[in-house]
Amino acid sequence: MAPKPGNGEPSPVDIPTFAQTQLDLLAAELAAEIAETSTLVSAHSPSALQRAGVALTNLVVSAQRTGLGGKTVVELGPDSATTTGGAGGLSSDELPEHGIRTGDIVVVSEQPAGSAKKREVREMEKRGAKGVVVKVGRGVISVALDEEQEKEDGSNLGGGGRVWIVKLADDVTYKRMNGTMEKLKKMSDSEYSVFIRVLFGQGSPSPVPKDLGSDPEWGKIEWVDPSLNESQKDAIRFALASREIALIHGPPGTGKTHTLIELILQMIKRGLRILVCGPSNISVDNIVERLAPHKVPIIRLGHPARLLPSVLNHSLDVLTRASEAGAIVKDVRAEMDAKQASIRKTKSGKERRVIYADLKELRKEYRERERKCVSNLVAGSKVVLATLHGAGGFQLRNQEFDVVIIDEASQALEAQCWVPLLSAKKAVCAGDHLQLPPTIKSLNSKSKTKSKDGKSGDATLETTLFDRLLALHGPSIKRMLTTQYRMHEKIMRFPSDELYEGKLIAAEAVKERLLKDIKDYEVQDTDETSEPLIFIDTQGGYFPEREEDDQKQDSAKAPTKKSILHADSKSNEMEAALVKQHVQKLVDAGVRPEDIAVVTPYNAQLVILAPLKELFPGIELGSVDGFQGREKEAVIVTLVRSNSEGEVGFLGEKRRLNVAMTRPKRSLTVIGDSETVKRGSKFLSRWMTFLEDNADLRYPDLASLER
Numbered sequence: 001m002a003p004k005p006g007n008g009e010p011s012p013v014d015i016p017t018f019a020q021t022q023l024d025l026l027a028a029e030l031a032a033e034i035a036e037t038s039t040l041v042s043a044h045s046p047s048a049l050q051r052a053g054v055a056l057t058n059l060v061v062s063a064q065r066t067g068l069g070g071k072t073v074v075e076l077g078p079d080s081a082t083t084t085g086g087a088g089g090l091s092s093d094e095l096p097e098h099g100i101r102t103g104d105i106v107v108v109s110e111q112p113a114g115s116a117k118k119r120e121v122r123e124m125e126k127r128g129a130k131g132v133v134v135k136v137g138r139g140v141i142s143v144a145l146d147e148e149q150e151k152e153d154g155s156n157l158g159g160g161g162r163v164w165i166v167k168l169a170d171d172v173t174y175k176r177m178n179g180t181m182e183k184l185k186k187m188s189d190s191e192y193s194v195f196i197r198v199l200f201g202q203g204s205p206s207p208v209p210k211d212l213g214s215d216p217e218w219g220k221i222e223w224v225d226p227s228l229n230e231s232q233k234d235a236i237r238f239a240l241a242s243r244e245i246a247l248i249h250g251p252p253g254t255g256k257t258h259t260l261i262e263l264i265l266q267m268i269k270r271g272l273r274i275l276v277c278g279p280s281n282i283s284v285d286n287i288v289e290r291l292a293p294h295k296v297p298i299i300r301l302g303h304p305a306r307l308l309p310s311v312l313n314h315s316l317d318v319l320t321r322a323s324e325a326g327a328i329v330k331d332v333r334a335e336m337d338a339k340q341a342s343i344r345k346t347k348s349g350k351e352r353r354v355i356y357a358d359l360k361e362l363r364k365e366y367r368e369r370e371r372k373c374v375s376n377l378v379a380g381s382k383v384v385l386a387t388l389h390g391a392g393g394f395q396l397r398n399q400e401f402d403v404v405i406i407d408e409a410s411q412a413l414e415a416q417c418w419v420p421l422l423s424a425k426k427a428v429c430a431g432d433h434l435q436l437p438p439t440i441k442s443l444n445s446k447s448k449t450k451s452k453d454g455k456s457g458d459a460t461l462e463t464t465l466f467d468r469l470l471a472l473h474g475p476s477i478k479r480m481l482t483t484q485y486r487m488h489e490k491i492m493r494f495p496s497d498e499l500y501e502g503k504l505i506a507a508e509a510v511k512e513r514l515l516k517d518i519k520d521y522e523v524q525d526t527d528e529t530s531e532p533l534i535f536i537d538t539q540g541g542y543f544p545e546r547e548e549d550d551q552k553q554d555s556a557k558a559p560t561k562k563s564i565l566h567a568d569s570k571s572n573e574m575e576a577a578l579v580k581q582h583v584q585k586l587v588d589a590g591v592r593p594e595d596i597a598v599v600t601p602y603n604a605q606l607v608i609l610a611p612l613k614e615l616f617p618g619i620e621l622g623s624v625d626g627f628q629g630r631e632k633e634a635v636i637v638t639l640v641r642s643n644s645e646g647e648v649g650f651l652g653e654k655r656r657l658n659v660a661m662t663r664p665k666r667s668l669t670v671i672g673d674s675e676t677v678k679r680g681s682k683f684l685s686r687w688m689t690f691l692e693d694n695a696d697l698r699y700p701d702l703a704s705l706e707r
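Under the UniProt record's numbering, the residues of the sequence shown are numbered 1 to 707, in order.
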């Protein structure tokens with residue numbers, strides 16, 4: 001049966017061509033990531049890299065131990081010789097502001113002297129040790145090292161001297177995606193399942209009964225959580241009834257994860273074997289945390305260094321150790337710990353080499369025993385959870401699943417989604433294609449592709465599986481969640497009308513809640529706490545943006561596209577002063593700093609805002625892109641752009657603004673120049689008009705900022 005194309009009537013996709021196009025795009029993307037890191041490290045000083053959020057300098061190894069999975073974990077803290085107590089508001093045992101996060105791939109290396117020629121990444125990797133960031137604290141950062149990267153005499157860790165760490169491109173993810181695309185490319189026509197054919201438009205999705213609520217099979221579901229709203233129940237019925245593919249569209253605050261938990265529990269009741277995936281560890285861990293209280297047997301695959309502490313009990317590493325075979329390896333682990341301790345005590349290179357050789361043998365034994373446990377545990381499990389690329393590890397080789405559920409499918413590269421999809425008969429993808437897609441760095445992010453009937457078009461990594469399926473089969477394969485439980489009705493109104501066809505409804509419990517109504521502690525009734533939507537309009541040209549000085553100096557030297565140091569590096573000091581003033585008013589009224597977030601599209605603005613962390617301990621500062629999926633009681637958005645040309649840069653991306661304006665629960669304050677912003681696009685113009693008409697409109701008092 002020929003497929004019924006969706007909007008624009010796209011043609012069926014030729015699978016080998018699709019796979020080759022993805023391989024070409026992925027190769028360009030990995031090259032861009034590696035080149036960016038290499039250019040940054042070779043063109044900038046360590047301190048500039050630290051400001052850009054890709055490095056952390058002036059560290060010393062304070063401890064070394066055996067972590068989960070037999071990994072060596074090094075703990076790094078600030079070198080007391082370089083920190084003067086209290087400088088810049090920091091105590092000598094605190095790390096400075098930085099952008100290294102748990103789960104980042106990093107290289108730990110001896111730090112070059114200030115006058116030394118800057119090293120490139122390849123040389124750093126040669127001299128240093130790669131690893132994964134396990135934990136980030138105020139005064140310590142822990143890295144689980146890849147054992148094959150460790151040097152036998154420990155020289156890669158500065159030999160007791162000063163070290164620094166730099167973020168790297170994660171090439172493991174690319175290897176898994178490439179392997180999957182190669183497999184897809186080589187498959188013959190006869191190997192394509194009905195499921196695969198539907199996903200490429202070579203077949204139509206099986207029809208689903210129109211009114212599932214009154215259907216004899218799907219209308220009488222016994223809900224685990226009867227409090228689900230009708231749109232959530234409808235999405236679950238649809239996902240259960242669909243034979244090949246179902247999309248669950250979850251706008252901000254609509255309880256997408258809550259819906260997925262019920263769906264998983266309903267699938268378990270039906271005896272299905274399920275693989276649950278997401279693009280990031282945090283997206284998968286959130287599901288593990290919410291599934292755990294239901295006491296269903298689950299296994300979480302993944303590097304233990306990257307998992308939340310609360311989900312470790314469900315991780316393969318912990319479950320393996322709790323098994324009979326795991327008890328046998330306990331002694332091996334104890335011996336490894338003793339060896340780790342002895343490394344710190346000896347200064348002799350010869351003795352270190354002997355200890356590292358012993359550790360190598362012990363790890364080999366540890367891994368062999370572990371693998372036997374793993375294959376037994378995974379084969380017997382009904383629900384497995386992993387990141388998308390984690391599903392490509394040895395643990396799931398030759399494993400098959402009835403359903404793959406992909407959370408945050410709109411933030412994942414399509415090639416990543418295919419890592420688990422090749423082992424499935426059906427897929428449920430949940431996400432919001434109207435929020436930010438995955439970040440793409442390659443210059444040539446588009447590639448020509450051909451459909452099965454020979455028509456050509458542009459393929460880009462920004463087109464997610466969610467986007468492509470929606471374009472291919474139309475809205476019949478999608479159900480949208482429509483009740484949101486996060487925002488005051490006034491905060492929700494503009495994104496709902498502009499992006500969600502006016503279909504979002506604010507739940508009764510949230511539609512009128514304000515900061516002054518917070519129950520956990522007392523908040524005064526002030527102008528700042530009694531208004532859900534405030535617009536501080538800086539029009540008039542008194543609050544101009546500026547480009548970072550280092551951008552002007554470096555742009556000729558390193559003209560890479562959207563490098564972390566140069567990309568859209570705009571800041572606005574007067575807006576930052578207004579942010580500080582507004583936060584002060586909120587805190588004075590009783591709002592706790594930990595319930596306040598300041599978000600901005602520009603990294604350079606974050607640098608200027610950094611002192612707020614010292615003034616208001618607990619406040620959160622973040623980029624719009626980094627704040628996707630998060631929420632706070634009060635959010636202040638600083639738009640930064642203010643110029644006579646009306647240039648707004650990537651502020652004009654409506655999905656980015658959608659993220660910015662949908663993070664708050666009770667209070668959204670927007671600070672920006674309406675004259676500049678409304679010239680950026682029709683969408684921005686409508687937003688400025690909406691704020692002028694519906695927000696508590698304020699014009700800043702310059703004199704009050706200069707006091």
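Idealized CB from N, CA, C, for every residue including glycine.
**Item:** Best match in Val599, Thr538, Ile536, Asp527 for proximity to Ala589 [C-alpha to C-alpha]
**Value:** Within the sequence shown, residue 589 is the residue found at index 589, counting from 1. Comparing Cα positions, the closest option is Asp527.
**Item:** For Lys682, three-class secondary structure by DSSP
**Value:** As a working mapping, residue 682 is identified with position 682 in the sequence shown. Note: Lys682 maps to helix in three-state DSSP.
Out of curiosity, what's the CA-to-CA distance linking Ala424 and Leu465? Along the sequence shown, read from residue 1 onward, the residue named residue 424 stands at position 424. Along the sequence shown, read from residue 1 onward, the residue named residue 465 stands at position 465. Each residue's Cα considered, the two are about 15 Å apart.
- prompt: How long is the line joining the alpha carbons of Asp537 and Val374, rounded to whole angstroms?
  reply: In the sequence shown, residue 537 corresponds to position 537, counting from 1. In the sequence shown, residue 374 corresponds to position 374, counting from 1. The straight-line gap from Cα to Cα measures roughly 59 Å.
In the DSSP assignment, the alpha helix (DSSP H) including Asn603 goes from what residue to what residue?
As a position in the sequence shown, residue 603 is number 603, starting the count at 1. 603-609 is the extent of the alpha helix (DSSP H) around Asn603.
Could you check which residue in Thr529, Gly622, Asp285 has the C-alpha nearest to that of Leu514? Residue mapping note: residue 514 aligns to position 514 of the sequence shown, counting from 1. Selected option, being the one with the closest Cα: Thr529.
Between the segment 373-392 and the segment 281-301, are three or more C-beta pairs nearer than 8 Å? yes
Are the beta-carbon atoms of Val132 and Val143 separated by less than 8 Å? Within the sequence shown, the letter at position 132 stands for residue 132. Within the sequence shown, the letter at position 143 stands for residue 143. Going by C-beta atoms, Val132 is nearer than 8 Å to Val143.
| Got a sec, what are the start and stop residues for the alpha helix (DSSP H) Asn281 sits in? | In the sequence shown, residue 281 corresponds to position 281, counting from 1. Unbroken alpha helix (DSSP H) run through Asn281: 281-291.
Pick from Tyr192, Ala334, Asp520, Asn313 that is closest to Pro293, judged by C-alpha positions:
Sequence index remark: in the sequence shown, residue 293 carries index 293 (1-based). The candidate whose alpha carbon is nearest that of Pro293 is Asn313.
task = Please list, in chain order, all residues of the same chain as Leu145 whose beta carbon is under 6 Å from its beta carbon, the five residues on each side excluded.
result = Within the sequence shown, residue 145 is the residue found at index 145, counting from 1. Correct list, in chain order: Thr72, Ala129, Gly131.
Self-check item: Distance between Leu76 and Ala63 (C-alpha atoms, nearest Å)
Solution: Taking the sequence shown and counting its residues from 1, one reaches residue 63 at position 63. Taking the sequence shown and counting its residues from 1, one reaches residue 76 at position 76. Approximately 7 Å between the Cα atoms of the pair.
- Item | Which of helix, strand or coil DSSP assigns to Asp402 | Counting from one through the sequence shown, the residue named residue 402 turns up at place 402. It is coil, neither helix nor strand.
Taking buried to mean at least 16 other C-beta atoms within 10 Å of its own C-beta, is Asp407 buried or exposed? Taking the sequence shown and counting its residues from 1, one reaches residue 407 at position 407. Flag for Asp407 reads buried.
Open item on the list: Just verifying my parser: in three-state terms, what is the DSSP assignment at Thr102?
Closed with: Position 102 of the sequence shown holds residue 102. In this structure, Thr102 counts as coil in the three-state DSSP scheme.
query = Within this structure, are the beta carbons of Ile274 and Phe195 separated by less than 8 Å?
reply = Taking the first residue of the sequence shown as 1, we reach residue 274 at position 274. Taking the first residue of the sequence shown as 1, we reach residue 195 at position 195. No, the pair does not count as a contact, with Cβ atoms beyond the cut-off.
*asked:* Please tell me whether Asp432 and Gly250 are closer than 8 Å, where the distance is taken between their beta carbons.
replied: Counting from 1 along the sequence shown, the entry for residue 432 is found at position 432. Counting from 1 along the sequence shown, the entry for residue 250 is found at position 250. Yes, these two residues count as a Cβ contact at 8 Å.
* Helix, strand or coil: how does DSSP classify Pro593 here? -> Within the sequence shown, numbered from 1, the residue matching residue 593 stands at position 593. If DSSP states are grouped into helix, strand and coil, Pro593 belongs with the helices.
Next item on the list: In the DSSP assignment, find the unbroken alpha helix (DSSP H) run with Gln22 in it and report its ends.
Entry: The residue given as residue 22 occupies position 22 in the sequence shown. Gln22 -> alpha helix (DSSP H) spans 15-43.
Worksheet item: For Gly154, which residues from the same chain have a beta carbon less than 7 Å from its beta carbon, with the 5 sequence-adjacent residues on both sides left out?
Response: Here residue 154 corresponds to residue number 154 of the sequence shown, with the count starting at 1. Annotation note: pLDDT 47 at Gly154 (below 50); position unreliable, coordinate value reported separately. Once the five neighbours on either side are set aside, the close Cβ partners of Gly154 are Ile343, Arg352.
Secondary structure at Arg138, three-state DSSP: helix, strand or coil? Position 138 of the sequence shown, counted from the first residue, corresponds to residue 138. Here Arg138 sits in coil by DSSP.
>> Which same chain residues end up closer than 7 Å to Lys552 when comparing Cβ atoms and leaving out the 5 residues on each side of it in sequence?
In response: Residue numbering aside, residue 552 sits at position 552 when the sequence shown is read from its first letter. Low confidence applies to Lys552: its pLDDT is 43, below 50, so where it sits in the model is not reliable, and the reading given next is rough at best. Excluding residues within five positions, none has a Cβ falling inside 7 Å.
Residue environment, Ser623, which counts as buried when at least 16 other CB atoms sit within 10 Å: On the sequence shown, residue 623 is found 623 positions in, with the first residue counted as 1. Counting Cβ neighbours within 10 Å, Ser623 comes out buried, since at least 16 surround it.
With DSSP as the reference, please indicate the residues paired to Met480 in a beta bridge. Translated into positions along the sequence shown, residue 480 becomes position 480. For Met480, which the question treats as bridged, DSSP gives the partners His249.
Spatial neighbours of Ile564 in its chain, beta-carbon cut-off 8 Å, leaving aside the 5 residues before and after = By 1-based counting over the sequence shown, the position of residue 564 is 564. In this prediction, Ile564 scores a pLDDT of 43, lower than 50, which makes its location untrustworthy; the coordinate-derived value is nonetheless stated afterwards. So the list reads Glu36, Leu40, Ala52, Gly53, Val54, Asn603, once near-sequence residues are dropped.
**Asked** What residues match up with Gly131 in a beta bridge as DSSP calls it?
**Response** Residue mapping note: residue 131 aligns to position 131 of the sequence shown, counting from 1. DSSP output for Gly131 lists Val106, Leu145 as bridge partner(s).
Name the DSSP bridge partner or partners of Ser667?
What you label residue 667 is simply residue 667 of the sequence shown in a count that begins at 1. For Ser667, which the question treats as bridged, DSSP gives the partners Ala634.
Item to complete: Can you grab the Cα-Cα spacing for the pair Thr57 / Ala634, in whole Å?
Response: In the sequence shown, counting from the first residue as 1, residue 57 sits at position 57. In the sequence shown, counting from the first residue as 1, residue 634 sits at position 634. C-alpha separation (whole angstroms): 33 Å.
Notebook entry, point to check: For Ser155, which three-state DSSP category applies?
Noted result: Translated into positions along the sequence shown, residue 155 becomes position 155. Model confidence at Ser155 stands at a pLDDT of 47, short of 50, so the residue's coordinates are unreliable and nothing is read from them.
How about Ala235 and Arg479: do their beta carbons lie closer than 8 Å?
-> On the sequence shown, position 235 is the one that residue 235 refers to. On the sequence shown, position 479 is the one that residue 479 refers to. In contact: Ala235 and Arg479 (Cβ atoms closer than 8 Å).
Validate contact between the segment 183-193 and the segment 19-33 using beta carbons, cut 8 Å, 3 pairs:
yes
Worksheet item: What span of residues does the alpha helix (DSSP H) with Lys580 cover, start to end?
Response: Locating residue 580 in the sequence shown gives position 580, counting from the first residue. First-last of the alpha helix (DSSP H) with Lys580: 573-588.
ask   = Three-state secondary structure (DSSP) at Leu533?
value = Here the question's residue 533 lines up with position 533 in the sequence shown. Correct three-state label for Leu533: strand.
Evaluate Gln524 with the Cβ neighbour count: other Cβ atoms within 10 Å of its Cβ, from every protein chain shown; 16 or more gives buried, anything less gives exposed.
The residue given as residue 524 occupies position 524 in the sequence shown. Answer is exposed; the Cβ neighbour count stays below 16.
Endpoints, alpha helix (DSSP H) assigned at Asp497
Taking the sequence shown and counting its residues from 1, the one referred to as residue 497 is at position 497. Its alpha helix (DSSP H) spans residues 489-499.
field: Within the segment 232-277, ranges of the beta strand (DSSP E) (whole runs, at least 3 residues)
entry: 245-249
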